[in-house]
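The structure appears below as structure tokens.
Number of protein chains: 2
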Amino acid sequence: MEDWGLPDPLRGGAMGGNGHEPATAARRLAESTGWLLTDAAREITLKLEEALKGTGLRWRDYGVLVVLEADGPLSQQEIGRRLAVDRSTMVHVIDVLEQQGLVVRSRDRADRRAYSIELTGPGRTLLVEVLHPLTARVHSGVMARLTHEDRAHLNRILAQLAGGAPRPE
Amino acid sequence: MEDWGLPDPLRGGAMGGNGHEPATAARRLAESTGWLLTDAAREITLKLEEALKGTGLRWRDYGVLVVLEADGPLSQQEIGRRLAVDRSTMVHVIDVLEQQGLVVRSRDRADRRAYSIELTGPGRTLLVEVLHPLTARVHSGVMARLTHEDRAHLNRILAQLAGGAPRPE
DNA sequence: TATTGTTATACTCTATAACTATA
DNA sequence: TATAGTTATAGAGTATAACAATA
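Dropping the structure here:
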């Protein structure tokens with residue numbers, strides 16, 4: 001009675017009836033959400049990294065700047081928590097951004113173990129004038145394959161998937 | 001529940017309609033498909049890898065078996081092409097599967113440079129009795145957050161994205 | 001000359017554990 | 001005792017380039 005709500009080919013061949021359609025690999029993979037997600041993520045990430053090449057920044061660096069733009073200043077660990085990056089890895093990430101003058105480290109006065117990472121003026125400017133337009137262009141290029149309706153659908157559904165939000169009834 | 005570190009500013013929030021928001025929440029959300037895809041892909045991949053742990057196989061190994069089940073036998077390079085894996089990496093992947101008796105290498109008679117990789121009986125059995133049900137359960141767990149309609153939507157849209165198919169008018 | 005599989009190698013990425021300074 | 005940041009290091013994963021056999 002359990003309705004897994006899965007693409008038929010993923011249910012295995014164990015579906016009683018003998019309507020045995022030989023699932024092709026293309027069909028099975030094409031209906032496996034795991035695969036589709038991985039492929040789509042790889043494709044868009046490659047394009048974003050390519051587009052960012054001239055800036056000396058990675059796609060993840062852009063993520064740090066975006067988080068800081070909206071919610072900063074934040075500690076290194078807090079930024080890492082939001083981006084699923086370990087604190088030891090965050091050290092190098094912030095090093096790069098600081099060396100480029102896009103963020104500054106200063107001690108958090110309330111807790112002097114932690115840094116208070118903050119966007120600099122140049123960092124904010126780079127975001128607005130270069131990075132946002134750049135990534136927006138990549139996104140619209142990829143999304144151009146979809147109808148406007150599908151674009152909205154996609155983001156809403158993905159947010160539900162990744163956010164772990166239970167399906168509203 | 002798990003926190004996948006979705007940057008809060010990307011999740012949505014206040015939609016300032018009069019174009020004076022400093023390029024944050026609303027606009028960023030509309031352009032954040034790259035993030036959403038990456039997060040969703042990471043989440044589902046982690047769960048699939050976790051579920052496959054007992055089998056000694058990786059999610060990618062399962063992909064190889066799926067491709068062979070439907071379209072095999074194939075050369076190592078052809079399998080790699082379909083899964084976006086380099087031929088030098090495919091050597092190790094096939095090594096593992098062969099050592100477990102799930103596939104066999106034999107020389108392609110038409111082109112003796114290439115191998116003809118084929119699923120074995122045990123390989124086919126493992127797919128049907130263990131791997132397909134296992135991965136189906138993971139998928140259904142993740143997709144349970146979505147309505148039936150959204151599940152179908154998602155796969156169709158992702159296929160368009162990753163496939164590079166132009167938007168049909 | 002080009003291609004399949006292979007190997008060796010190097011490079012990237014990331015996490016783990018230990019250390020320091022604060023709490 | 002616990003935590004933020006740091007550092008060194010080790011491991012996984014992957015790609016690159018060269019080589020042998022075959023086309």
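Those protein sequences? They're chains L and E, same order as listed.
Numbering of the first sequence is given in UniProt numbering, commencing with residue 1 and proceeding in unit increments.
Numbering of the second sequence is given in UniProt numbering, commencing with residue 1 and proceeding in unit increments.
All C-beta atoms in this analysis are idealised placements derived from N, C-alpha and C, irrespective of residue type, glycine included.
#### Entry: Segments assigned beta strand (DSSP E), at least 3 residues, entirely inside the segment 55–123 of chain L
103–107, 115–119
### Query
So the alpha helix (DSSP H) residue 142 (chain E) belongs to, where does it begin and stop?
By one-based count along the second sequence, residue 142 (chain E) stands at place 142. Element bounds for residue 142 (chain E): 132–143.
### Query
List, in order along the chain, the chain E residues whose C-beta lies closer than 8 Å to that of residue 114 (chain L)?
Walking along the first sequence from the start, residue 114 (chain L) turns up at place 114. Ordered by position in chain E, no residue passes the 8 Å Cβ test against residue 114 (chain L), which lies about 18 Å from the chain.
### Message
Against residue 55 (chain E), what residues of chain L qualify as contacts under a CB-to-CB distance less than 8 Å, listed in chain order?
### Response
Position 55 of the second sequence holds residue 55 (chain E). Those within 8 Å of residue 55 (chain E) in chain L number zero; the least Cβ separation is about 15 Å.
### Query
Does the count of Cβ pairs from the segment 144–164 of chain E and the segment 147–158 of chain L closer than 8 Å reach three?
yes
### Straight-line gap, residue 162 (chain E) to residue 113 (chain L) (C-alpha atoms, nearest Å)
Residue numbering aside, residue 162 (chain E) sits at position 162 when the second sequence is read from its first letter. Residue numbering aside, residue 113 (chain L) sits at position 113 when the first sequence is read from its first letter. Rounded to whole angstroms, residue 162 (chain E) to residue 113 (chain L) spans 44 Å at the Cα level.
### Query
Taking the C-alpha atoms as reference points, what is the distance between residue 135 (chain E) and residue 110 (chain L)?
Residue 135 (chain E) sits at position 135 when you count from the first residue of the second sequence. Residue 110 (chain L) sits at position 110 when you count from the first residue of the first sequence. Cα-Cα distance, rounded: 47 Å.
### Where residue 37 (chain L) meets chain E, residues with beta-carbon distance less than 7 Å
Residue mapping note: residue 37 (chain L) aligns to position 37 of the first sequence, counting from 1. Correct list: 37, 40, 41, 44, 158.
### Task
To the nearest angstrom, report how far apart residue 105 (chain L) and residue 98 (chain L) are at their CA atoms.
Working through the first sequence from its first residue, we reach residue 105 (chain L) at position 105. Working through the first sequence from its first residue, we reach residue 98 (chain L) at position 98. One C-alpha to the other measures close to 7 Å.
### Query
Per the contact definition of three or more C-beta pairs closer than 8 Å, is the segment 58–69 of chain L in contact with the segment 123–141 of chain L?
yes
#### Entry: Through-space distance from residue 42 (chain E) to residue 108 (chain L), alpha-carbon basis
Translated into positions along the first sequence, residue 108 (chain L) becomes position 108. Translated into positions along the second sequence, residue 42 (chain E) becomes position 42. Rounded to the nearest angstrom, the two C-alpha atoms are 32 Å apart.
### Message
By alpha-carbon positions, which one of L:88, L:34, L:100, L:125 ends up nearest to residue 69 (chain L)?
### Response
Here residue 69 (chain L) refers to the residue found at position 69 when the first sequence is read from its first residue. Measuring from the Cα of residue 69 (chain L), the nearest candidate turns out to be L:125.
### Query
Are the beta-carbon atoms belonging to residue 94 (chain E) and residue 76 (chain E) less than 7 Å from one another?
Indexing the second sequence from 1 puts residue 94 (chain E) at position 94. Indexing the second sequence from 1 puts residue 76 (chain E) at position 76. Yes, the pair counts as a contact, with Cβ atoms nearer than the cut-off.
### Task
With DSSP collapsed to three states, give me the class of residue 125 (chain E).
Taking the second sequence and counting its residues from 1, the one referred to as residue 125 (chain E) is at position 125. In the structure shown, residue 125 (chain E) sits in a helix (DSSP, three-state: H, G or I).
### Query
With C-beta atoms as the reference, is residue 140 (chain L) less than 7 Å away from residue 73 (chain L)?
By one-based count along the first sequence, residue 140 (chain L) stands at place 140. By one-based count along the first sequence, residue 73 (chain L) stands at place 73. It is not a contact, given that the beta carbons lie outside the stated cut-off.
### Message
To the nearest angstrom, how far is the alpha carbon of residue 21 (chain E) from that of residue 119 (chain L)?
### Response
Indexing the second sequence from 1 puts residue 21 (chain E) at position 21. Indexing the first sequence from 1 puts residue 119 (chain L) at position 119. With a pLDDT of 45 at residue 21 (chain E), under the threshold of 50, the predicted position of this residue should be treated as unreliable, and no value is reported.
### Query
Using a C-beta to C-beta distance shorter than 9 Å, which residues of chain E count as neighbours of residue 153 (chain L)?
Your numbering for residue 153 (chain L) matches position 153 in the first sequence. Those are 150, 153, 154, 157, listed as they occur along chain E.
### Message
Taking the alpha carbon of residue 83 (chain E) as the reference point, which residue from L:138, L:35, L:149 has its own alpha carbon closest?
### Response
If you number the second sequence from 1, residue 83 (chain E) lands on position 83. If we check each option's Cα against that of residue 83 (chain E), L:35 comes out closest.
#### Entry: chain L contact for residue 48 (chain E) (CB, 7 Å cutoff)
Start at 1 with the first residue of the second sequence, and residue 48 (chain E) comes out as number 48. At least one chain L Cβ lies under 7 Å of residue 48 (chain E).
### Task
Please work out which residues of its chain come closer than 7 Å, Cβ to Cβ, to residue 52 (chain L), disregarding the five sequence neighbours upstream and downstream, and give them in chain order.
Counted from its first residue, the first sequence places residue 52 (chain L) at position 52. 58, 59, 62, 134.
### Query
Given that a residue counts as buried once 16 or more other Cβ atoms are within 10 Å of its Cβ, and exposed if not, what is residue 89 (chain E)?
Along the second sequence, read from residue 1 onward, the residue named residue 89 (chain E) stands at position 89. Per the 10 Å Cβ criterion, exposed.
### Query
Would residue 150 (chain E) be called buried (16 or more neighbouring beta carbons within 10 Å of its own) or exposed?
As a position in the second sequence, residue 150 (chain E) is number 150, starting the count at 1. Buried is the label assigned to residue 150 (chain E), since at least 16 other Cβ atoms lie within 10 Å of its Cβ.
### Task
Quick one: measure Cβ to Cβ for residue 47 (chain E) and residue 142 (chain E), integer angstroms, because I've assumed they're closer than 8 Å.
Taking the first residue of the second sequence as position 1, residue 47 (chain E) is located at position 47. Taking the first residue of the second sequence as position 1, residue 142 (chain E) is located at position 142. The Cβ separation is near 7 Å, so the contact holds.
### residue 123 (chain E) versus residue 40 (chain L) - alpha carbon distance
The sequence position of residue 123 (chain E) within the second sequence is 123, counting from 1. The sequence position of residue 40 (chain L) within the first sequence is 40, counting from 1. Each residue's alpha carbon lies about 28 Å from the other.
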